[in-house]
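In our numbering, the protein residues as written are 14 to 155.
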């Protein structure tokens, strides 16, 4: 939260490794309409995305899939994936990472957005993420 109002700062870490004995990290995120997501990437941890509001487009298993509010997308560890918001409105969604650890990256991003230092727990090691391709919309086949 900011000091001047009650507007949440995104991303927000809801559950961190230390709270779950390393089993799960949960993050709430907000992606503006038309925002590009991360490049196609892979990592060892499983990642689930539950859309609360709006819609997201994912590249999973080599296919583009639209996920609307109330739907879930799952990227098992090792599967290349990415996402973007092609919808007309912001998308608010939850990200669950298991095992935990990657929520530290989101805490660092939130601190940068606020112009403050990240919390001490967020300075621990973050699981590796490997870029394996372009963002959605940067491909020749789009």
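Glycine included, every Cβ here is placed at the ideal spot set by N, Cα and C.
Bear in mind the structure is a predicted one, so any value in this text is a computation, not a measurement.
Residue closest to residue i, alpha-carbon to alpha-carbon, out of the options
i	options	result
residue 51	89, 40, 90 and 94	94
residue 89	27, 73 and 47	73
residue 48	100, 118 and 108	100
residue 54	150, 149 and 142	142
residue 77	92, 84, 83 and 96	96
residue 108	130, 84, 126 and 125	84
residue 25	34, 149 and 44	44
residue 23	33, 31, 150 and 40	40
residue 82	35, 91, 92 and 70	70
Test item: CB-CB of residue i and residue j under 8 angstroms
i	j	result
residue 62	residue 86	yes
residue 106	residue 65	yes
residue 98	residue 67	yes
residue 46	residue 102	yes
Per-residue DSSP class, three states only, for residue i
i	result
residue 86	strand
Would you say the stretch 46-59 touches the stretch 107-118, given that touching needs at least three Cβ pairs under 8 angstroms? yes
Of all the beta strand (DSSP E) runs that stay within the bounds of the stretch 16-58, which reach a length of 3 or more residues? 25-28, 38-44 and 54-56
3-residue-minimum beta strand (DSSP E) runs that sit fully inside the stretch 94-130, ordered along the chain: Whole beta strand (DSSP E) segments, 3+ residues: 94-97 and 104-111.
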